[in-house]
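Right, one structure below, let's go through it.
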RNA sequence: GCCCCCAUCGUCUAGCGGCCUAGGAUACCGGGUUCUCAUCCCGGCGACAGGGGUUCGAGUCCCCUUGGGGGUACCA
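In this note's numbering, the protein residues as written are 39 to 585.
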């Protein structure tokens with residue numbers, strides 16, 4: 039049976055790169071009827087953040103990536119948090135030491151640094167020099183007692199070429215002696231990635247390791263470890279990397295960077311207010327602007343929201359907050375570094391599973407193109423069953439704290455229906471928001487007012503429309519439509535000339551749901567009230583201009 | 001510096017020696033539909049990085065150059 043896993047380290051939100059790795063592993067498992075495991079690699083105490091595991095789990099769930107074993111669902115090979123598996127790793131470390139396949143080291147960071155510099159000055163790659171005689175357990179105890187750092191290194195066999203058989207890259211060989219003995223147990227007692235990963239993949243029965251290309255250089259070392267311990271070697275697939283517009287790996291750092299640039303570009307920024315909304319001290323904000331530190335994501339997001347700027351979406355949750363559908367995001371990232379062939383692109387998840395095949399992974403890196411994702415999203419909004427779309431919309435509204443959330447399912451469903459062609463959930467929200475604001479909360483967009491109310495006879499038409507609406511009974515969409523159309527005909531004008539002033543009057547700008555439905559849903563009373571406010575506010579201006 | 005990977009339209013990609021005058025998608029440009037924003041429809045622009053081989057024949061195989069990416073941690 040195929041067993042795959044996704045093994046993130048909980049250092050922050052799940053970003054699209056991680057989501058893609060998870061997705062490919064998941065797709066393979068689902069395609070083959072195998073098993074997909076979620077394992078949390080939290081062996082670096084310094085980097086873990088308390089909420090990250092929770093967030094990664096949420097993000098995976100939102101994407102629809104479920105796991106057969108792992109946190110929250112359990113399984114026979116648990117625990118699935120590496121921080122809870124220390125005893126297991128220690129057993130294997132001891133075994134290796136006993137067999138003289140690993141040894142204690144007492145080097146300080148500074149000493150190591152020197153060795154590396156020495157190697158570089160000789161234009162050679164650094165490889166740790168193995169001692170002739172391995173220190174004993176007593177030596178280690180003594181060193182520890184003296185306050186020296188104690189680590190354990192794996193004595194990697196130096197006499198043979200290591201060949202990594204990779205599904206996407208073919209056979210990649212590494213010359214003997216190219217890399218030195220690497221640390222498997224850190225001074226704090228926790229295992230390093232390269233060690234814990236090998237142990238867990240074996241113990242959890244992982245058959246296929248799908249991960250980013252950044253791990254390719256780790257693989258020979260891991261294979262040597264597998265041999266030394268008598269473990270299987272799984273099938274490896276090192277995926278191409280997703281790069282960003284600026285070049286380099288798509289990184290979470292781009293969001294704070296974009297925010298910093300935006301702040302710098304604005305000369306009259308209120309640092310104190312910024313600190314307040316970001317939940318930071320003024321000092322922290324200053325340090326951030328200076329490029330010295332980076333605050334946590336929620337702080338970054340809050341500041342961006344306050345400034346009204348949109349940061350490039352990097353984390354899965356960013357896409358959620360921007361109104362993307364998980365179906366679209368999954369479909370899109372699946373096609374980054376994978377192609378089913380046959381010109382197939384837009385497809386539901388079932389189809390994606392059915393056509394997934396490791397042999398069709400792409401070798402070259404790919405750039406994350408948000409434009410294309412938008413196109414995918416538009417398509418998926420159209421494709422997704424309506425009830426599901428309404429559910430997505432509701433979740434979105436809740437997350438962004440939109441007033442539209444007060445709508446019941448029936449109304450939400452109608453709004454969604456009337457928004458056919460929308461590209462994101464954000465657009466649907468934007469178009470329907472005015473229905474859920476109090477009449478005095480409507481903000482009139484300056485440009486819209488100028489363009490449709492103050493130009494031509496916008497206000498006069500609005501007055502006429504107001505009178506007709508006031509006398510209308512019943513106040514139905516059909517009656518509203520008939521009235522507006524016949525008025526257009528009567529005045530020899532396009533419907534736009536009639537509808538736009540009305541639109542601006544009721545929603546404050548030129549973007550809304552179809553006008554007939556908008557007016558009908560808003561209701562007679564509110565419509566008339568908003569028109570009256572509009573006439574009062576902007577009517578005086580025109581008259582003043584005319585005289 | 002050292003090691004490794006990669007290279008087709010701006011971008012994602014199809015192509016696995018002749019089906020290629022290089023296909024699709026997206027972006028962009030032009031036109032049409034439309035009450036707004038969108039959607040939608042039609043048309044257009046646009047690529048085999050360069051140089052050597054191999055072969056009757058090369059986008060496809062080999063080598064070099066160049067370019068891009070990754071790694072080089074007591075991070076994962």
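For glycine and all other residues, C-beta sits at the position ideal for the given N, C-alpha and C.
Computed from a predicted model, the values in this text were never measured in an experiment.
1) What residue from 272, 345, 569 and 325 has the CA that sits closest to residue 306's CA?
2) Using 8 Å as the Cβ pair cut-off and three pairs as the minimum, do the stretch 78-91 and the stretch 45-58 touch?
3) Distance, Cα to Cα, residue 180 vs residue 144?
4) Smallest Cα separation from residue 353: which of 512, 277, 522 and 292?
5) Are the beta-carbon atoms belonging to residue 109 and residue 126 less than 8 Å from one another?
6) Tell me whether residue 245 sits in a helix, a strand or coil according to DSSP, three-state version.
7) On the CB-based measure, 16 or more other CB atoms within 10 Å of its CB, does residue 469 come out buried or exposed?
8) Would you report the Cα separation of residue 70 and residue 79, rounded to the nearest angstrom?
9) Smallest Cα separation from residue 270: which of 277, 251, 258 and 239?
10) Which of the three DSSP states, helix, strand or coil, is assigned to residue 68?
11) Taking the CB atoms as reference points, tell me whether residue 546 and residue 480 lie closer together than 8 Å.
12) For residue 508, does the count of other Cβ atoms within 10 angstroms reach 16, so buried, or fall short, so exposed?
13) At 3 residues or longer, and completely inside the stretch 155-195: list those beta strand (DSSP E) runs for me, N to C.
14) Span of the alpha helix (DSSP H) holding residue 320?
15) Within the stretch 240-323, note down every full beta strand (DSSP E) run reaching 3 residues or more, in order along the chain.
16) Under 8 Å, do residue 113 and residue 106 count as touching if we go by C-beta distance?
17) Can at least three beta-carbon pairs, one atom from the stretch 273-293 and one from the stretch 347-362, be found at a separation below 8 Å?
18) In three-state terms, what does DSSP make of residue 582?
19) Using 8 Å as the Cβ pair cut-off and three pairs as the minimum, do the stretch 415-423 and the stretch 379-387 touch?
20) Would residue 369 be called buried (16 or more neighbouring beta carbons within 10 Å of its own) or exposed?
21) So, helix, strand or coil for residue 526, using DSSP?
22) Using three-state DSSP, classify residue 576 as helix, strand or coil.
23) In this structure, does DSSP put residue 212 in helix, strand or coil?
24) Please determine whether the Cβ atom of residue 496 lies at a distance below 7 Å from any heavy atom of the ligand COA.
25) Check each candidate in 308, 273 and 404 and name the one with the smallest Cα separation from residue 285.
26) What number of angstroms, rounded off, separates the C-alpha of residue 165 from the C-alpha of residue 175?
27) Mapping the DSSP letters down to three states, classify residue 114 as helix, strand or coil.
28) For residue 278, which residues in the same chain have their Cβ closer than 7 Å to its Cβ, ignoring the five residues on either side in sequence?
29) Work out the CA separation of residue 53 and residue 332 for me, nearest whole Å.
30) Leaving aside the five residues before and after residue 36 along the sequence, list all residues of the same chain whose C-beta is less than 6 Å from its C-beta, in chain order.
31) Within 10 angstroms of its Cβ, does residue 512 collect 16 or more other Cβ (buried), or is it exposed?
32) Can you pull the DSSP bridge partners for residue 42?
33) Check whether the stretch 261-270 and the stretch 204-215 touch, using three or more Cβ-Cβ pairs below 8 Å as the test.
34) So, with DSSP's three-state summary, where would you put residue 594?
35) Can you give me the C-alpha to C-alpha distance between residue 574 and residue 562, rounded to a whole angstrom?
36) Excluding sequence positions up to five away, which residues of its chain have a Cβ less than 7 Å from the Cβ of residue 461?
Reading from the atomic positions:
1) On the first chain, residue 306 is found 268 positions in, with the first residue counted as 1. Measuring from the Cα of residue 306, the nearest candidate turns out to be 345.
2) Contact holds between the stretch 78-91 and the stretch 45-58, because three or more Cβ pairs, one in each stretch, are under 8 Å apart.
3) Sequence index remark: in the first chain, residue 180 carries index 142 (1-based). Sequence index remark: in the first chain, residue 144 carries index 106 (1-based). Rounded to the nearest angstrom, the gap between the Cα atoms of residue 180 and residue 144 is 11 Å.
4) The residue you call residue 353 lines up with position 315 of the first chain. Closest by C-alpha distance to residue 353, out of 512, 277, 522 and 292, is 292.
5) On the first chain, residue 109 is found 71 positions in, with the first residue counted as 1. On the first chain, residue 126 is found 88 positions in, with the first residue counted as 1. Taking 8 Å as the cut-off, the beta carbon of residue 109 is found no closer than this to the beta carbon of residue 126.
6) The sequence position of residue 245 within the first chain is 207, counting from 1. DSSP places residue 245 in coil when its eight states are reduced to three.
7) Looking up residue 469 in the first chain gives position 431. Note on residue 469: 16 or more other CB atoms within 10 angstroms of its CB, so buried under the neighbour-count rule.
8) For the purposes of this step, residue 70 is identified with residue 32 of the first chain, where counting begins at 1. For the purposes of this step, residue 79 is identified with residue 41 of the first chain, where counting begins at 1. Spanning the alpha carbons of residue 70 and residue 79 requires a straight line of approximately 25 Å.
9) Here residue 270 corresponds to residue number 232 of the first chain, with the count starting at 1. When only C-alpha atoms are compared, the closest one is 239.
10) The count along the first chain starts at 1 and reaches residue 68 at position 30. Three-state result, residue 68: helix.
11) The residue labelled residue 546 in the question sits at position 508 within the first chain. The residue labelled residue 480 in the question sits at position 442 within the first chain. Between residue 546 and residue 480, the C-beta spacing is below 8 Å.
12) Taking the first residue of the first chain as 1, we reach residue 508 at position 470. Only exposed fits residue 508, as fewer than 16 other CB atoms lie within 10 angstroms of its CB.
13) Those beta strand (DSSP E) runs which fall completely within the stretch 155-195 and span 3+ residues are 189-192.
14) Stepping through the first chain from its first residue, residue 320 is reached at position 282. Here the alpha helix (DSSP H) through residue 320 covers 320-327.
15) Fully enclosed beta strand (DSSP E) runs of 3 or longer: 246-250 and 273-277.
16) Translated into positions along the first chain, residue 113 becomes position 75. Translated into positions along the first chain, residue 106 becomes position 68. Yes. Within cutoff.
17) Taking 8 Å as the limit for Cβ pairs, the verdict is that the stretch 347-362 does touch the stretch 273-293.
18) The count along the first chain starts at 1 and reaches residue 582 at position 544. Confidence is the limiting factor: at residue 582 the pLDDT is only 43, short of 50, which leaves the residue's position unreliable, though a coordinate-based value still follows. Residue state, collapsed to three classes: helix.
19) The stretch 415-423 makes contact with the stretch 379-387: 3 or more CB pairs, one atom from each, lie closer than 8 Å.
20) Position 331 of the first chain, counted from the start, is the residue given in the question as residue 369. Counting Cβ neighbours within 10 Å, residue 369 comes out buried, since at least 16 surround it.
21) Here the question's residue 526 lines up with position 488 in the first chain. Judged by DSSP in its simplified three-state form, residue 526 adopts helix.
22) Looking up residue 576 in the first chain gives position 538. Under the three-state reduction of DSSP, residue 576 is assigned to helix.
23) Here residue 212 corresponds to residue number 174 of the first chain, with the count starting at 1. It is a strand residue.
24) Absence of the ligand COA from the depicted structure is noted, as is the absence of any ligand whatsoever, leaving it without description.
25) The residue given as residue 285 occupies position 247 in the first chain. Selected option, being the one with the closest Cα: 404.
26) Locating residue 165 in the first chain gives position 127, where the first residue counts as 1. Locating residue 175 in the first chain gives position 137, where the first residue counts as 1. Cα to Cα, the separation comes out at about 24 Å.
27) Mapped onto the first chain, residue 114 falls at position 76. Annotated three-state conformation of residue 114 is coil, per DSSP.
28) Counting from one through the first chain, the residue named residue 278 turns up at place 240. Closer than 7 Å at the Cβ level, and outside the excluded window around residue 278, lie 251, 375, 400, 401, 402, 403 and 404.
29) The sequence position of residue 332 within the first chain is 294, counting from 1. The sequence position of residue 53 within the first chain is 15, counting from 1. Taken atom to atom, the span from the alpha-carbon of residue 332 to that of residue 53 is near 17 Å.
30) Residue 36 lies beyond the residue range present for the chain, which begins at 39 and ends at 585; the question has no answer from this structure.
31) If you number the first chain from 1, residue 512 lands on position 474. The residue in question, residue 512, is exposed, as its Cβ has fewer than 16 Cβ neighbours within 10 Å.
32) Within the first chain, the letter at position 4 stands for residue 42. By DSSP's assignment, residue 42 forms a beta bridge with 74 and 246.
33) The stretch 261-270 makes no contact with the stretch 204-215; the number of CB pairs closer than 8 Å stays below 3.
34) No answer is possible for residue 594: it lies beyond the span of the chain, which begins at 39 and ends at 585.
35) For the purposes of this step, residue 574 is identified with residue 536 of the first chain, where counting begins at 1. For the purposes of this step, residue 562 is identified with residue 524 of the first chain, where counting begins at 1. Computed Cα separation, rounded: 18 Å.
36) Residue 461 sits at position 423 when you count from the first residue of the first chain. The residues are 412, 415 and 416.
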